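Counting in UniProt numbering, the sequence shown runs from 332 upward without gaps.
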Amino acid sequence: PEAITVQELANRMAEKGADLVKTLFKMGSPVTMTQTIDQDTAELLVTEFGHNIVRVSDADVDLAADTVEDAEDTLQPRAPVVTIMGHVDHGKTSLLDALRGTDVVRGEAGGITQHIGAYQVTLKDKSKITFLDTPGHEAFSEMRARGANVTDIVVLVVAANDGLMPQTIEAINHTKAAGVPMIVAINKVDLDSANPQRVRQRLLEHEVMVEEMGGEVQDVEVSALKKTGLDQLIEKIQLQAELLELRANPNREAEGTVIEAKLDKGRGPVATVLVNRGTLKVGDVFVVGAESGKIRALVDDKGRQIKEAGPAMPVEILGLSGVPMAGDPLQVVENEARAREVAEYRAGVIQNKRTTNAPASLESMFSALK
Ligand code: GTP
Ligand code: MG
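Quick look at the structure:
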């Protein structure tokens, strides 16, 4: 098969050569811009960047360079994706549960809670917010290292009695590194020992200047326990989301990101996927990391089987060949043969990577590229 240099491929794809090199490195193929890659690798890379492959002849690969970004007129508003972070025991889970209680749809459904790693709340005004159930900070940075920047907004939870703790500072640093706007939720203000003002002051030491201190970072006092301040928090999330003008094209083959995955005793491999763009449908053939499959069922965060899931919607998928990893990208492809081909190639690459002396973690690989 014909080979192509990374630079030439980048030109054809209308992408930066450096981005291709980075992605190849993450895929386990460390090459430079002027080196050649084989057709299989080129095709994989093309798929990875969301382009379509048009085989002109067996030996030649031509690429449609129009699918990296969706055309302006295809974009529609989408819900913000919010990740809650903070120190252990500062009330992340309690706050998520309290916010979940504001979901009007859930109320109607009778309040059956399905625990998946992400859920979506529908507000009174029909708008939606997607919440990611606090992944550990490691998971957050690992997902970022793998290019899976799924979070639009971080809500930093700080307990008003404890104040800033090591993981609070870690969360601040991760959020800054990701370039994601932050909203500070000062929790547990119901306690006598609560001192929200001290939290605001300590935040200054870490260059987080909240509104109350004359800065631009929104802050809000809440009590997850007494359910106070929740409406204000939601308002601030909506305000921040508006500024971000979040949009995606719902009318295309779906792309998503794995939030969590496991082997379920009864159901086999199951993954929670957040749809980034397009609409994921039952029957869709897909590749996810080194796995592939055909969507047998889609289950929403309320445990209901649904037929399709659009942008910013978290959904559990069934029909996987195996268990993917958190942060793995999911892509719908044209047929099962293609899905298997890509998945097998990736599985080979991953095997390869394990046998070479590649950096130990994805995070270190990422920083090695800078
Ligand atoms: P990890 O997941 O272990 O990191 O903890 P977390 O941040 O999810 O905290 P969690 O929601 O489990 O809450 C920790 C403890 O704080 C629990 O005992 C909660 O009941 C309590 N708590 C959470 N929110 C509040 C609050 O607003 N007021 C008071 N008084 N207690 C709270
Ligand atoms: Mg928790």
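Cβ atoms here follow ideal geometry from the backbone N, Cα and C, with glycine treated the same way.
From a predicted model like this one, the values you see are computed outputs, not experimental measurements.
Taking non-hydrogen atoms of the ligand GTP into account, the C-beta of T482 is found less than 7 Å away from none of them. For I514, same chain residues with a beta-carbon under 8 Å away, outside a window of 5 residues either side, are I484, V485, V486, L487, V548, Q549, D550, V551, L564, K567, I568, Q571 in chain order.
Under the DSSP definition of a beta bridge, Y450 partners with F462.
V589 and D562 have their alpha carbons spaced roughly 29 Å apart. Sixteen is the threshold: since fewer than 16 other Cβ atoms of the shown chains lie within 10 Å of the Cβ of A349, the residue is exposed. A distance of 8 Å or more separates the beta carbons of V664 and V604.
A contact between stretches requires three or more CB pairs, one per stretch, nearer than 8 Å, and the region 644-651 meets this requirement with the region 609-629.
In the assembly as shown, P497 is an exposed residue. Its beta-carbon has fewer than 16 other beta-carbons within 10 Å.
For T424, the shortest separation between its Cβ and any heavy atom of the ligand GTP lies below 7 Å. Every beta strand (DSSP E) of 3 residues or more that sits fully in the region 497-536 is shown, in chain order, as 513-518. Ranked by Cα distance from T363, the options D369, A516, K353 are led by K353. In its chain, beyond the 5 residues on either side, V412, V413, T414, L463, F471, A509, V511 have a beta carbon closer than 8 Å to the beta carbon of T482. In the DSSP assignment, D550 falls within the unbroken beta strand (DSSP E) covering 549-552.
Counting along the chain, M416 sits inside the beta strand (DSSP E) bounded by residues 412-417. Rounded to the nearest whole angstrom, the C-alpha separation of E339 and E501 is 40 Å.
At a Cβ-Cβ threshold of 8 Å, G620 and D659 count as neighbours.
With a threshold of 7 Å, the Cβ atom of G417 counts as near the ligand GTP, since some heavy atom of the ligand is closer than that.
In this structure G634 does not touch K625 by the C-beta definition: roughly 22 Å separates them, more than the 8 Å allowed.
Cβ-Cβ distances below 6 Å link K459 to A410, Q451, T453 in the same chain, with the five nearest sequence neighbours on each side left out; the list follows chain order.
Relative to the Cα of K357, the nearest Cα in the group T372, R343, S524 belongs to T372. In this structure, the beta-carbon distance from V654 to L375 does not fall below 8 Å.
For N607, there is no enclosing alpha helix (DSSP H); the residue is found in the beta strand (DSSP E) stretching over 599-608. For A555, the CB contacts under 7 Å within the same chain, skipping 5 residues up- and downstream, are G422, S425, L426, A429, N518 in chain order.
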